[in-house]
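Participant:
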Amino acid sequence: MNSTLLEILRLANPWLANPDAFPEKAIHHLATPFIPRCLPTTSHWPVSRKAHLVVGARQVGKSSFLWNWFLDRETAPLFINAEEPLVRDWCQSPTLVLEDLKGLLLDDTPVFIDEAQHLDEAGLLIKGLIDGGLDAPLFVTGSSAFHLRAKTRESLAGRAERLHMHPFSLSEILWDLPDLPPLVRTDEIRKRARRHIEIGGYPEVWLSDSPNEILVKLISAFIIRDASDLFNIQNIDAFRRFLRLIAGQTGNLVNLEEWASICGVSRSTISNYVDLIEESNIIRKFKPFFGGKRSEITSRPKIYFCDTGVLGAAGAGFAPFDERPDRGPIFESWVAAELCKLIPPLHPSASLGYWRTKSGAEVDFVVDSKRGLTGIEVKSTNMKMPKLSRSARSFIQAYSPRSFFVINTGLRHDEQIEKTTVRWVGPEVFSDESSLEF
């Protein structure tokens, strides 16, 4: 092994030479304060002969999550930072890495590769280490779009367990909420939900006294930089126009031809932009739900930003929720983001889409799971009366879903319409994952 590379690894892993340096020298890797994540259980980790991939957008806390996992188990990993140029050169050869690891690892020492999206061929490295017989548990973090940089999109089927991380959910930012009387607790949850809608859930943003400044820097430093450096987008001005454009299109049907005309690029370029930022977890496409009725839209997806703070930084702005002329789309986008944090992590077999007919009837979200259909309508007002829209009634009449939610900013009410339980709920419904019962 190159002596300079060995020194880089020793500096990153002071416990290599002094085992007593762990955990004290590792704690600085955690965000302060560290907010626990409500993620699917990892109690069965590590799994023999599999990589454990923690993927998601930049700066959502993937590394902190794994460092906390190691600290909880009092297990010091071999930390490999893929942002280091010499480390990237070394990782081009899985065979060489495997051979060198034999001289770096003690029994059961896990290997932790951080920021794998910086590697030219992350998939090939992971596959090579697993197929080459790496005995140590392997953990990898990176943007879930790390393969976009690769020349070979190596399949890791059967070789990896993937954990997808999002920005903080509403339930996660309530981690320090004390026991309170029910009405007081609901009021406090709604206050936090409102801030969550306004600034989103990126950890650094949520914990900052200047969240808007952090969001603007996040857009510039990570999204734009990744577009230029990692994904080799040449026309950055067109890409910026594209981001501002779709910030005003959240909740709308994708229209590649119109967007290409506005941005001054080709339809295929816009299609590539959409794919890139979806794989980078900036937006999410929602496909239409259809049950075979001829009047339904069956092909065109809608888009939503995965974080309403990023939506604001991309072009929608940072005005307080009650003062926004676009609070309907913003609230709808927030609900979409919260649903994405629940599905599929907690409901792997469920699908999430929307319903719309050619005549304009629409239900914002439809969850199709083993337990049946759930319809969701979003209203950005504090409803005074439990009133269902004509579209909602049409959907209930057509499909008899097991449940239908009207998520608004205040009204709470339940009633039964034939076989469908209809519930009017506030944003606090996302504070308890069992409340939605998909």
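The numbering used here puts the sequence shown at residues 1 to 438. Each residue gets a CB set at the ideal place from its N, CA and C atoms; glycine is no exception. All values derive from a computational prediction rather than experimental measurement.
Quick check: the Cα distance between LEU39 and LYS191, rounded to an integer number of angstroms?
Facilitator: Start at 1 with the first residue of the sequence shown, and residue 39 comes out as number 39. Start at 1 with the first residue of the sequence shown, and residue 191 comes out as number 191. In a straight line, the C-alpha of LEU39 is about 24 Å away from that of LYS191.
Participant: Considering only residues of the same chain and omitting the five flanking positions on each side of VAL111, which have a CB-CB separation below 6 Å?
Facilitator: Start at 1 with the first residue of the sequence shown, and residue 111 comes out as number 111. Cβ neighbours of VAL111 beyond the five flanking positions: LEU78, ALA136, LEU138.
Participant: In chain order, what residues of the same chain lie with their CB nearer than 7 Å to the CB of THR381, ignoring the 5 residues before and after it?
Facilitator: Translated into the one-based positions of the sequence shown, residue 381 becomes position 381. Excluding positions up to five away in sequence, the list reads ASN408, THR409.
Participant: Am I right that TRP334 and THR308 are in contact with their C-beta atoms under 8 Å? What's the rounded C-beta distance?
Facilitator: Within the sequence shown, numbered from 1, the residue matching residue 334 stands at position 334. Within the sequence shown, numbered from 1, the residue matching residue 308 stands at position 308. Confirmed, about 5 Å.
Participant: Could you check which residue in GLU437, TYR304, LYS358, PHE405 has the C-alpha nearest to that of ALA350?
Facilitator: Residue numbering aside, residue 350 sits at position 350 when the sequence shown is read from its first letter. It is GLU437.
Participant: Starting from the N-terminal side, write out each stretch of the alpha helix (DSSP H) that is 4 residues or longer and does not extend beyond the region 90 to 128.
Facilitator: Whole alpha helix (DSSP H) segments, 4+ residues: 94 to 101.
Participant: Identify which residue in ILE283, LEU71, ASN13 has its Cα closest to the Cα of GLY56.
Facilitator: Counting from one through the sequence shown, the residue named residue 56 turns up at place 56. Of the listed residues, the one whose Cα sits closest to GLY56 is ILE283.
Participant: For PHE404, does the three-state DSSP call read helix, strand or coil?
Facilitator: Counting from 1 along the sequence shown, the entry for residue 404 is found at position 404. Note: PHE404 maps to strand in three-state DSSP.
Participant: Under 8 Å Cβ to Cβ from LEU311, same chain only, skipping five residues before and after it: list those, please.
Facilitator: Here residue 311 refers to the residue found at position 311 when the sequence shown is read from its first residue. Counting only Cβ-Cβ distances below 8 Å, and skipping sequence neighbours, we find GLY200, ALA247, THR250, PHE305, ILE330, SER333.
Participant: Could you tell me if LEU183 is buried or exposed, where buried requires 16 or more neighbouring beta carbons within 10 angstroms of its beta carbon?
Facilitator: As a working mapping, residue 183 is identified with position 183 in the sequence shown. That one is exposed.
Participant: Pull up the CB-CB distance for LEU163 and VAL87, whole angstroms please, since I reckon it's below 8 Å.
Facilitator: For the purposes of this step, residue 163 is taken as residue 163 along the sequence shown, with counting starting at 1. For the purposes of this step, residue 87 is taken as residue 87 along the sequence shown, with counting starting at 1. No, LEU163 and VAL87 are not in contact; Cβ-Cβ is about 23 Å, not under 8 Å.
Participant: Among residues of its own chain, excluding the 5 on either side of PRO203, which ones have a beta-carbon nearer than 6 Å to its beta-carbon?
Facilitator: On the sequence shown, position 203 is the one that residue 203 refers to. Closer than 6 Å at Cβ, skipping near neighbours: ALA31, GLY61.
Participant: What are the residues that DSSP puts in a beta bridge with ILE283?
Facilitator: Numbered from its first residue, the sequence shown carries residue 283 at position 283. DSSP lists PHE305 as partners of ILE283.
Participant: What separation, rounded to the nearest whole angstrom, lies between the Cα atoms of ASP187 and ARG324?
Facilitator: Taking the first residue of the sequence shown as 1, we reach residue 187 at position 187. Taking the first residue of the sequence shown as 1, we reach residue 324 at position 324. Answer to the nearest angstrom: the Cα atoms are 21 Å apart.
Participant: Which residue wins for smallest C-alpha separation from LYS217, given the options ARG58, SER63, ASP432?
Facilitator: Here residue 217 refers to the residue found at position 217 of the sequence shown. The option with the nearest alpha carbon to LYS217 is ARG58.
Participant: Put THR269 into one of helix, strand or coil per three-state DSSP.
Facilitator: In the sequence shown, residue 269 corresponds to position 269, counting from 1. If DSSP states are grouped into helix, strand and coil, THR269 belongs with the helices.
Participant: Suppose the cutoff is 6 Å on Cβ atoms and the five residues either side in sequence are ignored; what does the same chain contact list for PRO345 look like?
Facilitator: Taking the first residue of the sequence shown as position 1, residue 345 is located at position 345. Around PRO345: PRO40.
Participant: Since ALA142 and THR95 should fall inside the 8 Å C-beta cutoff, what is the C-beta to C-beta distance between them, to a whole number of angstroms?
Facilitator: Locating residue 142 in the sequence shown gives position 142, where the first residue counts as 1. Locating residue 95 in the sequence shown gives position 95, where the first residue counts as 1. Per the sequence shown, the amino acid found at residue 142 is Gly instead of Ala. Between THR95 and GLY142 the Cβ distance is about 21 Å, and since that is not below 8 Å, they are no contact.
Participant: Between which two residues does the alpha helix (DSSP H) holding VAL205 run?
Facilitator: Here residue 205 refers to the residue found at position 205 of the sequence shown. Counting along the chain, the alpha helix (DSSP H) containing VAL205 begins and ends at 203 to 206.
Participant: At which residues does the alpha helix (DSSP H) containing THR4 begin and terminate?
Facilitator: Taking the sequence shown and counting its residues from 1, the one referred to as residue 4 is at position 4. Taken as a continuous stretch (DSSP letters only), the alpha helix (DSSP H) holding THR4 covers 3 to 12.
Participant: Looking only at its own chain, which residues have a Cβ that is under 6 Å from the Cβ of ILE197, when we skip the five neighbours before and after it?
Facilitator: Numbered from its first residue, the sequence shown carries residue 197 at position 197. Closer than 6 Å at the Cβ level, and outside the excluded window around ILE197, lie THR308, PHE321, TRP334.
Participant: Going by DSSP, which residues form a beta bridge with MET165?
Facilitator: By one-based count along the sequence shown, residue 165 stands at place 165. MET165 pairs with GLY56.
Participant: Ignore the nearest five residues each way along the sequence and tell me which others in GLN416's own chain have a CB closer than 8 Å to its CB.
Facilitator: What you label residue 416 is simply residue 416 of the sequence shown in a count that begins at 1. Around GLN416: VAL422.
Participant: Give me the Cα-Cα distance between ARG393 and LYS370, rounded to the nearest whole angstrom.
Facilitator: For the purposes of this step, residue 393 is taken as the residue at position 393 of the sequence shown. For the purposes of this step, residue 370 is taken as the residue at position 370 of the sequence shown. Distance between the alpha carbons of ARG393 and LYS370: 23 Å.
Participant: Could you name each continuous beta strand (DSSP E) segment of 3 residues or more that falls completely within the region 331 to 377, going from the start of the chain to the end?
Facilitator: 351 to 356, 362 to 369, all fully within the region 331 to 377.
Participant: How many Å lie between PHE22 and VAL140 at the Cα?
Facilitator: Position 22 of the sequence shown, counted from the start, is the residue given in the question as residue 22. Position 140 of the sequence shown, counted from the start, is the residue given in the question as residue 140. The straight-line gap from Cα to Cα measures roughly 20 Å.
Participant: Between PRO401 and LYS302, what straight-line distance do the alpha-carbon atoms span, to the nearest angstrom?
Facilitator: Residue numbering aside, residue 401 sits at position 401 when the sequence shown is read from its first letter. Residue numbering aside, residue 302 sits at position 302 when the sequence shown is read from its first letter. PRO401 and LYS302: Cα-Cα distance of roughly 22 Å.
Participant: Looking only at its chain, what residues have a beta carbon closer than 7 Å to the beta carbon of HIS413, apart from the 5 residues adjacent to it on each side?
Facilitator: Locating residue 413 in the sequence shown gives position 413, where the first residue counts as 1. Same-chain partners within the cutoff: PRO386, TRP424.
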